[in-house]
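Protein sequences, first through last, are from chains A and B. Using my numbering, the letters of the first sequence map in sequence onto residues 205 to 404. Using my numbering, the letters of the second sequence map in sequence onto residues -7 to 359. What follows is a set of notes on a single structure, which appears directly below.
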Amino acid sequence: MKLSKNFTNPLAANNPVIVQILGICSALAVTVKLEPACVMGLSVIFVTAFSNLVMSLLRNGVPSRIRIIVQLVVIATLVIVVDQFLRAYMYDVSKQLSVYVGLIITNCIVMGRVEAFALGNKPWDAFVDGVANGIGYALILIIVAFFRELFGSGTLFGFDVLARFGYVNNSLMLFPPMALIIVGVIIWIHRSINKDLQEK
Amino acid sequence: MGLRQFVDKIKPTFSEGGKLSFLHSTFEGFETFLYVPNTTTQRGAHVRDCNDIKRVMIMVVLALVPAMLVGMYNVGYQAGIEGILPAFWFGFLKALPTIIVSYVTGLAIEFAFAQKRKHEINEGFLVTGLLIPLVMPVTVPLWIVALSTAFAVIIGKEVFGGTGMNVFNPALLARAFAFFAYTPQMSGEAVWYADGKTGATALEQLATTGDMQWSVMDAFLGLIPGSLGETSTAAILLGAALLLFTGVASWRIMLSVFVGGLAFGYLFDAVGVTDYPAYYHLLVGGFAFGAVFMATDPVTSAQTNCGKWIYGFMVGALAVLIRVVNPAYPEGMMLSILFMNALAPLIDYFVVERNIARRKKLIKNVK
Chain A
205 MKLSKNFTNP
215 LAANNPVIVQ
225 ILGICSALAV
235 TVKLEPACVM
245 GLSVIFVTAF
255 SNLVMSLLRN
265 GVPSRIRIIV
275 QLVVIATLVI
285 VVDQFLRAYM
295 YDVSKQLSVY
305 VGLIITNCIV
315 MGRVEAFALG
325 NKPWDAFVDG
335 VANGIGYALI
345 LIIVAFFREL
355 FGSGTLFGFD
365 VLARFGYVNN
375 SLMLFPPMAL
385 IIVGVIIWIH
395 RSINKDLQEK
Chain B
-7 MGLRQFVDKI
3 KPTFSEGGKL
13 SFLHSTFEGF
23 ETFLYVPNTT
33 TQRGAHVRDC
43 NDIKRVMIMV
53 VLALVPAMLV
63 GMYNVGYQAG
73 IEGILPAFWF
83 GFLKALPTII
93 VSYVTGLAIE
103 FAFAQKRKHE
113 INEGFLVTGL
123 LIPLVMPVTV
133 PLWIVALSTA
143 FAVIIGKEVF
153 GGTGMNVFNP
163 ALLARAFAFF
173 AYTPQMSGEA
183 VWYADGKTGA
193 TALEQLATTG
203 DMQWSVMDAF
213 LGLIPGSLGE
223 TSTAAILLGA
233 ALLLFTGVAS
243 WRIMLSVFVG
253 GLAFGYLFDA
263 VGVTDYPAYY
273 HLLVGGFAFG
283 AVFMATDPVT
293 SAQTNCGKWI
303 YGFMVGALAV
313 LIRVVNPAYP
323 EGMMLSILFM
333 NALAPLIDYF
343 VVERNIARRK
353 KLIKNVK
């Protein structure tokens, strides 16, 4: 597969969240505000990129029977690195994200890309694929968080945007069901544009 | 020129190839609104009941009228206006904008979707558009009505494929949206009075003090504060009689909702959680309104007869359970109906499965 295609595919046509419906749980949990959503997105980009890279480098040395354990060790290590980094340098955000950084380990996108792509491809391709899938995830997170923060609190990144116009906050936006509905609407729009994705 | 000739004259403009053919379903909607369509199927045998969706929907709207009229009078009565007509007129003027906004928003979205998807306009919104204002406090800001109507029609109905395909009752979804999104405008002490007075509703009084300041007769006739259409149990029963007489609503559901509510009301009264009689639950708040007009929605309720009993009983029981046990929600009817809407297909599934299993066993025994 060509490298550019390899990079653009997970952003829209094969987006991990809205096409493969992976990683939904964290998309619901961390999208109340934009800031934690951005940090979460960056963390996932880092983890998918480097777990893909490492597993691709190891792919010829790991027996297939124990590959899941090796993958878990690699992913867990990376997640702990991210978690410790956030605690050291962005303590407030890390408190907001609470367990969800640690739960990146169980994010299906990470494991899915390692299994489906990194184990069969060269390191550089695998790295690009990891970055692209991370970005595809982060993109959806940021879109959802944008609408939830804008309409739920009237702010963006904590700056007052709508309240000065007399906007009344919609508190339903702060509840997790609304994140699910927004993801659903994104899927709806996405599939209306890409007709080949519609199920018969 | 008669209306019929006029409609026939402009028909080609909206038909295939005409100038305004993209407005075909809008034209079709108005034409069938004015006249019974005289087109017949060309092939195959069709046996049809004369009771089409339009007639069913109009029946429900008619059944809602008594509750609406008494609700309007009650708005004026609660505001302290003397005399029946002045009080009614006051309430009518307060309620009319809400009804107009609900219809205009909802129908605009319905028409747009029908146009886009090239199918006929469904009559389902005729009822929903009247139900929404009836389950809102009369002081609700109009933009909240518009927003929640839009939410209910788009997210509650159109994403599932339009009228007849929805999982949740659209009118209740509109109320749930407004309730959770704009809690201060939808609950509390001030929203139930049109003239700035404040005071707890009967439900809130029952939940906090265990008694209410109104007599049982007032609650039955609907002279207590509350949402526009929900207060008068008497008027709602009048509507219920019409629905049952015409066979539009299921008597099984209606009856079992009341039975479920009474059963749990008695249970809580007997074990001492509440100290007011069980039938209070049926008179105050939206219980009767929900039981008659919301729970019986043929689209979102259970379809099998046995399923209807279970569904209805659970609606009533859960409503009372939420009212009594959860202090955050003095009114449980909305949540219990929405919850059972979600479970209705599951109930049907198990009823059907059990029936299949029973008949399989029958065959085995015969062999």
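Beta carbons are placed, not taken as given, at the ideal position from N, Cα and C, and that holds for glycine.
In the DSSP assignment, what are the bridge partners of Thr201/B? Here residue 201/B corresponds to residue number 209 of the second sequence, with the count starting at 1. The partner list for Thr201/B (beta bridge, DSSP) is empty, contrary to what the question assumes.
Are Ile386/A and Phe363/A touching if we call contact CB-CB under 8 Å? Counting from 1 along the first sequence, the entry for residue 386/A is found at position 182. Counting from 1 along the first sequence, the entry for residue 363/A is found at position 159. Taking 8 Å as the Cβ cut-off, Ile386/A and Phe363/A do not qualify as a contacting pair.
Per DSSP, what kind of secondary structure is Asp0/B in: helix, strand or coil? Within the second sequence, residue 0/B is the residue found at index 8, counting from 1. Note: Asp0/B maps to helix in three-state DSSP.
Can you give me the C-alpha to C-alpha distance between Leu259/B and Trp81/B, rounded to a whole angstrom? Working through the second sequence from its first residue, we reach residue 259/B at position 267. Working through the second sequence from its first residue, we reach residue 81/B at position 89. So the alpha carbons of these two residues sit roughly 42 Å apart.
Would Asn398/A pass as an interface residue toward chain B - the criterion being a Cβ-Cβ separation below 8 Å? The count along the first sequence starts at 1 and reaches residue 398/A at position 194. Closer than 8 Å: no.
Entirely enclosed alpha helix (DSSP H) segments - the region 190 to 246 of chain B, minimum 4 residues: 194 to 201, 208 to 213 and 225 to 238
Straight-line Cα distance separating Leu310/B from Tyr293/A: Within the first sequence, the letter at position 89 stands for residue 293/A. Within the second sequence, the letter at position 318 stands for residue 310/B. Looking at the two C-alpha atoms, the distance is approximately 48 Å.
Output needed for Asn337/A: all residues of its chain with C-beta closer than 7 Å, excluding positions within five of it in sequence on either side, in chain order. The residue you call residue 337/A lines up with position 133 of the first sequence. Result list for Asn337/A: Pro214, Pro220, Thr252, Ile313 and Arg317, in chain order.
Assuming Ile308/A is part of the alpha helix (DSSP H), what are its boundary residues? Here residue 308/A refers to the residue found at position 104 when the first sequence is read from its first residue. Segment: none, Ile308/A is in no alpha helix (DSSP H) and carries neither H nor E.
Can you check which of these residues, Gly21/B, Gly299/B and Asp340/B, is closest to His111/B by C-alpha distance? One-based indexing of the second sequence puts residue 111/B at position 119. Among Gly21/B, Gly299/B and Asp340/B, the Cα nearest to that of His111/B is on Gly21/B.
Please confirm whether Leu376/A has its beta-carbon closer than 8 Å to some beta-carbon of chain B. Numbered from 1 along the first sequence, position 172 holds the residue referred to as residue 376/A. Chain B, which has a Cβ nearer than 8 Å to the Cβ of Leu376/A, makes this yes.
Name the DSSP bridge partner or partners of Asp364/A? The sequence position of residue 364/A within the first sequence is 160, counting from 1. Answer by DSSP bridge pairing, in chain order: Thr359/A.
Grab me the residues of Tyr268/B's own chain with a C-beta within less than 7 Å of its C-beta, minus the 5 sequence neighbours each way, in chain order. Indexing the second sequence from 1 puts residue 268/B at position 276. So the qualifying residues of the chain are Leu198, Gly202 and Asp203.
Starting from Thr175/B, find everything on chain E with Cβ-Cβ shorter than 7 Å and list it in chain order. Protein chains A and B are contained in the structure displayed, whereas chain E is not.
Within 10 angstroms of the Cβ of Ala87/B, are there 16 or more other Cβ atoms? Answer buried if so, exposed if not. Mapped onto the second sequence, residue 87/B falls at position 95. Buried.
Indicate whether at least one CB of chain A lies closer than 8 Å to the CB of Ile147/B. Along the second sequence, read from residue 1 onward, the residue named residue 147/B stands at position 155. Yes, contact with chain A.
Rounded to whole angstroms, what is the Cα-Cα separation between Gly354/B and Ile245/B? The count along the second sequence starts at 1 and reaches residue 354/B at position 362. The count along the second sequence starts at 1 and reaches residue 245/B at position 253. For the record, residue 354/B in the displayed sequence is Leu; it is not Gly. Straight-line Cα distance between these residues: approximately 29 Å.
Using beta carbons (cut-off 8 Å, strictly below), is Phe172/B in contact with chain A? On the second sequence, position 180 is the one that residue 172/B refers to. Yes, because at least one Cβ of chain A sits closer than 8 Å to the Cβ of Phe172/B.
Name, please, each residue of chain B whose Cβ falls closer than 7 Å to the Cβ of Phe379/A. As a working note, residue 379/A is residue 175 in the first sequence. The answer, in chain order, is Phe172.
Taking the alpha-carbon positions, what's the Asn374/A to Ser140/B distance? The residue you call residue 374/A lines up with position 170 of the first sequence. The residue you call residue 140/B lines up with position 148 of the second sequence. Using only the alpha carbons, I get a separation of about 11 Å.
Just list the alpha helix (DSSP H) runs in the region 131 to 182 of chain B, keeping only unbroken ones of 4 residues or longer that don't cross its boundaries, in chain order. 134 to 143, 162 to 173 and 175 to 178
Could you pull out every residue in the same chain whose Cβ sits closer than 7 Å to the Cβ of Val208/B, ignoring the five residues on either side in sequence? The residue given as residue 208/B occupies position 216 in the second sequence. Within the same chain, Val208/B has close Cβ partners Leu275.
Would a check of beta-carbon distances place Ile385/A closer than 8 Å to chain B? On the first sequence, position 181 is the one that residue 385/A refers to. Yes, its Cβ sits closer than 8 Å to a Cβ of chain B.
Taking beta-carbon pairs under 8 Å, can you tell me which members of the region 98 to 126 of chain B lie near chain A? none
For the alpha helix (DSSP H) that Ala217/A lies in, which residues bound it at each end? Numbered from its first residue, the first sequence carries residue 217/A at position 13. Per DSSP, Ala217/A belongs to no alpha helix (DSSP H) and is neither H nor E.
At what residues does the alpha helix (DSSP H) containing His273/B begin and finish? The count along the second sequence starts at 1 and reaches residue 273/B at position 281. Taken as a continuous stretch (DSSP letters only), the alpha helix (DSSP H) holding His273/B covers Tyr272 to Leu275.
Which chain B residues are close to Trp328/A, counting only those with a beta carbon under 7 Å from its beta carbon? As a first step, residue 328/A must be located in the first sequence, where it is residue number 124. Under the 7 Å cutoff, chain B gives no residues; its nearest Cβ is about 41 Å from Trp328/A.
Going by beta-carbon coordinates alone, are Leu53/B and Leu126/B separated by less than 8 Å? Reading the second sequence from its first residue, position 61 is the one you call residue 53/B. Reading the second sequence from its first residue, position 134 is the one you call residue 126/B. For the record, residue 53/B in the displayed sequence is Val; it is not Leu. No, the pair does not count as a contact, with Cβ atoms beyond the cut-off.
Hey, does Phe152/B have any beta-carbon neighbour from chain A nearer than 8 Å? Here residue 152/B is taken as the residue at index 160 of the second sequence, counted from 1. Not an interface residue.
Measure the alpha-carbon distance for Phe84/B versus Phe160/B and round it to whole angstroms. To locate residue 84/B, count along the second sequence from 1; it is residue 92. To locate residue 160/B, count along the second sequence from 1; it is residue 168. Approximately 29 Å between the Cα atoms of the pair.
Quick one, which of Ala383/A, Gly356/A, Thr235/A and Leu378/A has its alpha-carbon nearest Tyr371/A's? Residue 371/A sits at position 167 when you count from the first residue of the first sequence. Ranking the options by Cα distance to Tyr371/A, first place goes to Gly356/A.
What is the DSSP secondary structure of Asp289/B, counted as helix, strand or coil? As a first step, residue 289/B must be located in the second sequence, where it is residue number 297. DSSP places Asp289/B in coil when its eight states are reduced to three.
Where Arg350/B falls: helix, strand or coil (DSSP): On the second sequence, position 358 is the one that residue 350/B refers to. Helix, per DSSP.
Quick check: what's the CA-CA separation for Ala216/A versus Ala330/A? Taking the first sequence and counting its residues from 1, the one referred to as residue 216/A is at position 12. Taking the first sequence and counting its residues from 1, the one referred to as residue 330/A is at position 126. Ala216/A and Ala330/A: Cα-Cα distance of roughly 18 Å.
In the DSSP assignment, the alpha helix (DSSP H) including Trp301/B goes from what residue to what residue? Position 309 of the second sequence, counted from the start, is the residue given in the question as residue 301/B. Residues Asn297 to Val317.
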